[in-house]
Structure formats: C-alpha cells, structure tokens
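Here the sequence shown is numbered in my numbering, starting from 12 and rising by one per residue.
Positions of the beta carbon are idealized from the N, C-alpha and C atoms, including for glycine.
Heads up: the structure comes next, in structure tokens.
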Amino acid sequence: MSNIKIFVAHDEEKTITVDNPIYQNVITQNVENSKFIQMNTGDNISDKYKKYQELTIQYWAWKNIDADYYGLCTQNKYLSFSTNNIRNNQKTNFEFPAPYFDEHPTIDPPIKFEYLNNANIQKLNLFEQAMKDTIESYDMIITSHLNWDITIMQQFDVPSVLDNKLKVALELIDEFSPEFSKVAHEYFNGYVYYPGQLYVMSKDLFNDYCKWNFKILDELEKRIDFSHYSVEGLKVLYYISERLLGVYYTYLKNQNKYKLKEVDWCEIEHVETQDPILPAFIDNKEAILFCFDNNFIIPAAATIMSLINTSTDENQYDIICFNKNLAQTNKDLLSRLTKEKNNISLRFYDIGFIMSNYPSPHLRENIPWSIDVYSKFLIFEILASYNKVLYLDTDLILMDDISYLLNLDLTGYYLAACPDLGIISNSSKMPWMYNYLTKKINLTNEFIYTNAGVSLFNIQEIINDQINFGDNLLQTLFDTAKQLHLAQEQDIINELFHKKTYYLDLNWNIYSFLGTSKNTISKKLYKEWLPEYLYKQCIAAIQNPKIIHYVADGKPWNYPDYALANYWWDAIRGTEIYELAINLQIKNTATKYTQKIIQDFLNIQ
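Right under this line is the structure:
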C-alpha cells in the first residue's frame with residue numbers, strides 16, 4: 012500500500028481539518044505545542060514564509076519527509092476526488108483589468124462551499140480509500156485548467172510588483188533549464204492556466220519538480236530587490252511558482268509517457284473552528300443567550316444595555332451571543348458596553364458550521380429558518396456545560412434584574428416561560444388553531460402554550476432525559492422540525508417540553524402593544540377569549556413590567572412613537588448605541604421620502 016501524504020497548510024490552529032490520515036496538517040506559524048505539524052524543524056525555509064507562503068511546506072516536505080506520493084493544499088482549498096460533476100460556481104474566469112495581486116482575489120474555483128462539513132466532505136469524496144484508488148492510478152494530479160482572455164504573462168503586468176518578474180523567471184528558465192524553455196514560452200504567452208498550486212505527485216516527479224522549482228525561485232530571489240514591495244507584492248515568488256507548476260505539468264503532458272489527471276478544486280469560505288463554551292465564572296453555571304446577525308446589531312445592543320442597566324454588583328452575568336459571521340466591528344461595539352463590568356462576561360460563538368451539518372427546516376416551502384430560530388436547538392449541544400440557560404430575544408428591554416430568573420429552582424422542569432396570550436386567545440376564538448395546538452403539536456390543552464422569546468432552559472434536566480429525547484437530543488429536535496410548524500421552533504419547544512414547563516408571571520414577557528390605551532383590538536380579543544385568570548394576570552403585569560417585548564411589527568427603533576418605545580430609547584440614551592439608532596432613523600426616513608418621490612413621479616408618468 013502506497014504511503015501518500017498531502018500537506019495541508021494552516022495559517023492558524025483554530026481551523027477545520029479532514030479526518031483522513033492522508034492529510035498532514037501543517038502550521039505555517041511558529042506555535043509552541045501545536046496540535047499540527049511544524050515546518051521549522053530539519054532543513055527548512057520557514058523564515059521565508061512572507062515570500063514563499065505554502066512553498067515553505069513544500070520545501071520542508073521535500074527535504075524531510077519520505078513518501079510515495081506528495082501533495083499540497085491549504086486550509087481552505089482542496090482538490091476534489093468526486094467521481095461526479097459537483098461544480099456549483101459559474102464564475103471561474105479571470106476578470107481583466109482587475110489586478111491579480113489585488114487584495115480581493117479574482118480567481119473563483121469551480122466548486123465553492125461555505126463550510127467543510129460532513130456533507131461537503133462526502134461530495135468531494137475526501138475519504139482515504141477513494142483517494143488512494145485515484146492517486147495510485149496516476150503520476151500527477153493537478154487542478155482543472157482555466158481558459159482566460161489574457162495571457163499568463165499579462166497577469167503580471169500590475170503595479171504592485173513594480174515590474175514583470177515573470178519575464179525574469181522566463182529568462183532564468185532559458186539559462187538554467189533550456190529543456191523547459193519551449194514549453195515555458197508557450198505556457199506563459201498562452202491563455203491556459205492551472206490555478207491554485209494544488210497537486211499530488213509521485214515521489215520521483217515531486218523530487219524532480221522541487222529541484223527545478225526551487226532552483227529557479229532561489230535565483231529569482233537573488234535578482235529581486237524586495238525593499239519597497241508591499242505585503243502582497245512580497246508573495247511574487249509564490250505566484251510565479253504557481254505558474255511554474257503549470258509549466259512542469261505541461262512539460263510532462265507533452266512527453267506522453269505519464270499518467271496525468273486534472274480535477275476540480277474547491278474553496279471553503281469559512282474554516283475557523285470554535286473553542287468549547289464553558290462557564291465564565293467558577294461558581295456560576297447559568298448563562299444568558301442572545302442570537303442575532305449584523306442586521307440586528309442595534310436592537311441586540313439595546314437589549315444587552317438594558318441588562319447592564321438592571322444588573323447588580325453582587326450577581327454574575329455570563330452572556331453568550333450566538334451569531335453567524337458577525338462583523339468584528341459589531342463584536343467590538345458590544346464588548347465596549349461591558350468592558351467596565353467585572354461581573355459581566357460577554358462572548359461570541361459562531362454557529363454557522365454546526366448549523367451547516369443539519370438540513371435547514373423550513374417555515375414554508377423554500378423559506379428556511381433564520382439563525383435566531385436555529386439557536387434554541389443548538390443550546391443543548393454548545394452550552395451543555397451549563398445548568399440553566401436563559402434565552403432572550405433581542406427585540407425586548409429588561410426592566411428588572413434577571414438574576415431572579417437565573418436563580419429559579421427548576422428541579423423537575425425542562426423549561427420556564429410565560430403563556431403566549433396571542434396564541435391562546437386565538438385558539439379559543441378559532442377552531443382550526445385549537446385543533447392545531449391539541450392535535451398537531453399534542454398539547455393537553457391550548458392554555459399552556461408558551462412564548463419562546465423569554466425561555467429559561469433546564470439544560471441538565473433535558474439532556475439527561477433519554478427516555479423522552481433519546482441519545483441525540485439535537486437530532487430529535489431537527490427530526491421534529493421536518494414537519495411544517497406555524498410558529499417554527501416555538502411550536503416544537505411547546506410540543507417537546509410542555510409536560511414539564513414552569514409558568515412564569517406574565518410581567519417577565521409583557522407585549523409592548525398592551526401598554527397603550529390606543530390599542531383596543533388586542534385588549535378586546537384578550538378580554539373576550541382569554542381565561543379570566545390569564546386576563547387578570549395580563550392587566551396586572553402591564554402595571555409592573557419586568558421585560559417589555561416588542562413583538563410583531565412595532566419595533567421601537569423604527570417607530571419611536573409606538574407603545575412603550577420610550578423605555579427602549581431610555582435604555583440606550585447617552586451611549587454610542589443611541590447615536591447609531593438615531594442615524595438608522597435618519598436613513599429610514601430618507602429612504603421612505605426618496606421612495607415616495609419616485610412613486611409620485613411614476614404616478615405622474
């Protein structure tokens with residue numbers, strides 16, 4: 012059996028890997044006690060990484076590792092060993108005159124995935140035996156070629172490298188390896204290009220290629236004055252080597268004596284991995300969870316600010332923010348809110364990768380669930396080290412210290428939440444809603460349905476109950492979600508947890524529209540259709556709200572004059588969040604005004 016080693020270049024340790032012994036994960040930085048292989052041992056050029064990039068790994072493998080086949084890829088670029096056409100990216104051509112050394116790459120791969128999850132690993136067929144069967148059948152495997160509308164030589168006519176060093180490389184080929192001259196001239200002045208510097212070669216070819224490749228690069232390095240090169244310009248040796256690989260492959264191809272194969276390659280958009288989330292405080296295993304994206308940063312900041320405003324020094328608040336690709340500027344914004352509070356921890360956890368491993372449930376056909384909906388399911392996997400987790404929507408304001416909720420004794424209960432007055436009243440009014448609650452999601456009666464916007468989960472009680480949820484709670488949740496639900500995850504939480512739910516006082520989740528005498532529709536609906544005891548609780552809760560929930564469309568950041576919106580604005584007044592919210596108001600007003608002008612103009616026409 013052949014000894015095959017494909018070296019994977021990792022810029023950081025917190026990056027995804029493929030569970031396959033063929034892949035040898037190598038760290039490009041000097042890191043003590045790294046879990047990856049380090050290339051600064053033996054004969055190496057690790058100190059030249061700025062110029063040679065992943066070629067430092069190629070050199071190290073050439074000088075220090077014995078194998079039958081050698082390959083190279085990176086943490087976000089892999090060769091595809093799929094036997095099927097899995098191309099999913101139409102844009103694969105170079106766009107001229109956009110400079111190749113621009114900080115935004117202009118080369119797109121034929122295959123693009125957001126994450127290297129199990130499903131995509133299977134699509135790429137990155138399994139040991141399948142890869143061995145393919146690799147052992149060929150002398151060299153390289154990326155499928157591109158046909159461009161400019162020559163390879165023209166790719167280097169860019170200001171960032173001061174002058175075209177590919178011409179110098181061609182002169183060196185003529186000087187040191189004339190047997191490659193004809194092929195090199197044709198390839199550099201042609202339109203066929205093999206991108207990515209991804210390959211697998213037999214031992215003999217790899218040694219031959221490295222000897223030739225590094226001879227040219229070494230001489231080229233001596234003839235270039237790098238004194239005034241930019242960070243990107245310093246990589247010119249790496250980019251030239253990428254073209255040398257194409258020359259070498261074409262040279263072998265012209266000899267007609269080697270078994271060669273071109274395969275598609277894949278680029279992974281997000282390769283970062285997350286550290287496990289453990290309690291931030293030694294004596295506190297209760298967490299507060301928010302989930303939002305970049306579009307909801309101002310409301311989320313306001314909710315967190317209200318938590319800070321109502322916090323007490325004797326309590327600890329372990330805040331975790333589930334997100335997907337949250338911008339660093341937004342993380343910094345939220346972190347500044349708590350920086351003076353030693354008893355408040357605020358951390359971020361990107362749930363994108365975990366989400367990608369589960370099929371997206373749908374609210375309606377072709378409408379996938381949003382990230383905040385997913386988050387409640389992932390609590391039980393990501394936050395399994397906690398005793399309780401308080402999930403809070405980010406369209407609410409805290410009026411009281413939530414330590415009361417965090418300290419509740421939920422022994423024997425899965426969940427603590429408030430009854431959902433809107434759903435309950437409608438189920439009393441509309442027979443189809445009653446049937447949905449009692450037959451579709453199997454509630455014992457319609458009056459126990461809860462709102463998920465404020466949910467205190469008893470994590471250990473839930474994950475230890477294998478009788479009701481099996482060995483894989485997360486899978487149970489997603490299996491239940493395969494059927495369409497009116498209120499998405501809220502229905503599923505009610506379906507699975509209603510038999511052990513602790514009902515909170517309504518003032519812990521009071522709807523904002525109840526706080527004004529102008530809104531008579533909902534109050535009339537509640538008075539006519541709610542059980543008397545719930546209606547009385549509702550009226551009492553309005554007088555002493557502990558959490559104001561801005562449900563439906565009346566969001567205070569959009570409508571400052573709506574019911575109880577003043578509490579939202581008071582929470583952020585005097586902070587940088589206030590200025591951002593004002594700016595959002597101005598933008599919204601300007602947009603609406605512009606739209607009106609355009610519509611009036613169209614009506615005239």
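Check your understanding: Under three-state DSSP, which class holds Glu273?
Key -> Taking the first residue of the sequence shown as position 1, residue 273 is located at position 262. Glu273 falls in the strand class under three-state DSSP.
Exercise for review: Using three-state DSSP, classify Pro430 as helix, strand or coil.
Suggested key: Walking along the sequence shown from the start, residue 430 turns up at place 419. In the structure shown, Pro430 sits in a strand (DSSP, three-state: E or B).
Check your understanding: On the three-state DSSP scale, how would you describe Ile48?
Key -> Here the question's residue 48 lines up with position 37 in the sequence shown. Ile48: strand per DSSP, three-state reduction.
Practice item. Please work out which residues of its chain come closer than 6 Å, Cβ to Cβ, to Val282, disregarding the five sequence neighbours upstream and downstream, and give them in chain order. Key: Against the sequence shown, residue 282 aligns to sequence position 271. Once the five neighbours on either side are set aside, the close Cβ partners of Val282 are Thr26, Ile27, Gln86, Asn87.
Check your understanding: Looking only at its own chain, which residues have a Cβ that is under 7 Å from the Cβ of Thr261, when we skip the five neighbours before and after it?
Key -> Indexing the sequence shown from 1 puts residue 261 at position 250. Within the same chain, Thr261 has close Cβ partners Val194, Tyr198.
Review point. Distance, Cα to Cα, Tyr210 vs Leu216?
Key: Residue numbering aside, residue 210 sits at position 199 when the sequence shown is read from its first letter. Residue numbering aside, residue 216 sits at position 205 when the sequence shown is read from its first letter. Each residue's Cα considered, the two are about 11 Å apart.
Review point. Fully enclosed by the stretch 30-82, which alpha helix (DSSP H) runs are 4 residues long or longer?
Key: 60-63, 66-75
Review point. Taking contact to mean at least 3 C-beta pairs separated by less than 8 Å, is the stretch 305-312 in contact with the stretch 29-47?
Key: no
Check your understanding: Ordered along the chain, which non-local residues of its own chain (more than five positions away) have a Cβ less than 6 Å from that of Ala463?
Key -> Numbered from 1 along the sequence shown, position 452 holds the residue referred to as residue 463. Cβ within range, chain order: Gln501, Ile504.
Review point. Which partner residues does Asp329 have in the DSSP bridge list?
Key: Mapped onto the sequence shown, residue 329 falls at position 318. DSSP output for Asp329 lists Ala298, Ser356 as bridge partner(s).
Exercise for review: Just list the alpha helix (DSSP H) runs in the stretch 117-144, keeping only unbroken ones of 4 residues or longer that don't cross its boundaries, in chain order.
Suggested key: 129-135
Point to revise | Distance, Gln40 Cα to Gln208 Cα | key: Mapped onto the sequence shown, residue 208 falls at position 197. Mapped onto the sequence shown, residue 40 falls at position 29. Distance between the alpha carbons of Gln208 and Gln40: 20 Å.
Point to revise | For Ala395, three-class secondary structure by DSSP | key: Here the question's residue 395 lines up with position 384 in the sequence shown. Note: Ala395 maps to coil in three-state DSSP.
Check your understanding: Which same chain residues, not among the five before or five after Tyr397, have their C-beta less than 7 Å away from its C-beta?
Key -> Within the sequence shown, the letter at position 386 stands for residue 397. Within the same chain, Tyr397 has close Cβ partners Pro290, Lys296, Glu297, Ala298, Ile470.
Check your understanding: Rounded to a whole number of angstroms, what is the C-alpha to C-alpha distance between Ala592 and Asn577?
Key -> By 1-based counting over the sequence shown, the position of residue 592 is 581. By 1-based counting over the sequence shown, the position of residue 577 is 566. Distance between the alpha carbons of Ala592 and Asn577 is about 13 Å.
Check your understanding: According to DSSP, is Tyr262 helix, strand or coil?
Key -> Locating residue 262 in the sequence shown gives position 251, where the first residue counts as 1. Residue state, collapsed to three classes: helix.
Practice item. Could you tell me whether any non-hydrogen atom of the ligand FMN is closer than 8 Å to the CB of Arg98? Key: For the structure depicted, the ligand FMN is absent and the ligand set is empty, with no information on it obtainable.
Practice item. Please confirm if the stretch 319-334 is in contact with the stretch 258-273, defined as three or more CB-CB distances below 8 Å between the two stretches. Key: no
Exercise for review: Using the DSSP secondary-structure output, state which residues sit across from Met212 in a beta bridge.
Suggested key: Within the sequence shown, residue 212 is the residue found at index 201, counting from 1. DSSP output for Met212 lists Tyr81, Met151 as bridge partner(s).
Exercise for review: Can you give me the start and stop residues for the beta strand (DSSP E) that Tyr11 sits inside?
Suggested key: This structure cannot speak to residue 11, because the chain is shown only from 12 to 616.
**Study point:** Contact between the stretch 512-521 and the stretch 556-566 (3+ Cβ pairs under 8 Å)
**Key:** yes
Check your understanding: Rounded to a whole number of angstroms, what is the C-alpha to C-alpha distance between Tyr573 and Gly565?
Key -> Stepping through the sequence shown from its first residue, residue 573 is reached at position 562. Stepping through the sequence shown from its first residue, residue 565 is reached at position 554. One C-alpha to the other measures close to 7 Å.
Check your understanding: Does the beta-carbon distance from Ile33 to His21 come in below 9 Å?
Key -> Translated into the one-based positions of the sequence shown, residue 33 becomes position 22. Translated into the one-based positions of the sequence shown, residue 21 becomes position 10. Taking 9 Å as the Cβ cut-off, Ile33 and His21 do not qualify as a contacting pair.
**Study point:** Reference Ile161; option with closest CA among Leu488, Leu403, Tyr202
**Key:** Position 150 of the sequence shown, counted from the start, is the residue given in the question as residue 161. Out of Leu488, Leu403, Tyr202, Tyr202 has the C-alpha closest to the C-alpha of Ile161.
**Study point:** Whole-angstrom distance between Tyr63 and Pro116, CA atom to CA atom
**Key:** Position 105 of the sequence shown, counting from 1, holds the residue named residue 116. Position 52 of the sequence shown, counting from 1, holds the residue named residue 63. At Pro116 the pLDDT is 39, less than 50, meaning the model places this residue with poor confidence; the figure from the coordinates comes in the next sentence. Cα to Cα, Pro116 sits roughly 18 Å from Tyr63.
Point to revise | Nearest residue (CA-CA) to Trp579, options Ile76, Leu409, Leu426, Leu416 | key: Start at 1 with the first residue of the sequence shown, and residue 579 comes out as number 568. If we check each option's Cα against that of Trp579, Leu409 comes out closest.
Exercise for review: Please state if the CB of Leu177 and the CB of Arg234 are separated by a distance shorter than 9 Å.
Suggested key: Translated into positions along the sequence shown, residue 234 becomes position 223. Translated into positions along the sequence shown, residue 177 becomes position 166. Against a cut-off of 9 Å, the Cβ pair of Leu177 and Arg234 comes out as no contact.
Review point. In its own chain, which residues sit with a C-beta less than 7 Å from the C-beta of Gln327, not counting the 5 before and 5 after it?
Key: Reading the sequence shown from its first residue, position 316 is the one you call residue 327. Phe292, Asn295, Asn354, listed in sequence order.
Practice item. Kindly indicate which three-state DSSP category Tyr561 falls into: helix, strand or coil? Key: The count along the sequence shown starts at 1 and reaches residue 561 at position 550. Three-state result, Tyr561: coil.
Review point. In chain order, what residues of the same chain lie with their CB nearer than 7 Å to the CB of Ala141, ignoring the 5 residues before and after it?
Key: Here the question's residue 141 lines up with position 130 in the sequence shown. These residues qualify, in order along the chain: Phe92.
Practice item. Throw me the rounded Cβ distance for the Glu232 and Leu248 pair, which I believe falls under 8 Å. Key: On the sequence shown, residue 232 is found 221 positions in, with the first residue counted as 1. On the sequence shown, residue 248 is found 237 positions in, with the first residue counted as 1. Sure, about 6 Å apart at Cβ, within 8 Å.
Review point. If you draw a straight line from the C-alpha of Ile17 to the C-alpha of Asn99, how long is it?
Key: Locating residue 17 in the sequence shown gives position 6, counting from the first residue. Locating residue 99 in the sequence shown gives position 88, counting from the first residue. Those two C-alpha atoms are separated by around 25 Å.
Point to revise | Residue range of the beta strand (DSSP E) that includes Tyr205 | key: Within the sequence shown, residue 205 is the residue found at index 194, counting from 1. Taken as a continuous stretch (DSSP letters only), Tyr205 belongs to no beta strand (DSSP E), as it is neither H nor E.
Check your understanding: Among Ala582, Asp79, Pro567, Glu190, which one has its Cα closest to the Cα of Leu595?
Key -> As a position in the sequence shown, residue 595 is number 584, starting the count at 1. That would be Pro567, whose Cα lies nearest to the Cα of Leu595.
Exercise for review: Have a look at Asp236 and Leu389 and give me their C-alpha separation to the nearest angstrom.
Suggested key: The residue you call residue 236 lines up with position 225 of the sequence shown. The residue you call residue 389 lines up with position 378 of the sequence shown. Near 53 Å, if we compare the C-alpha coordinates of Leu389 and Asp236.
Exercise for review: Determine the contact status of Ile137 and Tyr89, defining contact as a CB-CB distance below 9 Å.
Suggested key: Counted from its first residue, the sequence shown places residue 137 at position 126. Counted from its first residue, the sequence shown places residue 89 at position 78. Sequence check: residue 137 is Leu here, not Ile. Yes, these two residues count as a Cβ contact at 9 Å.
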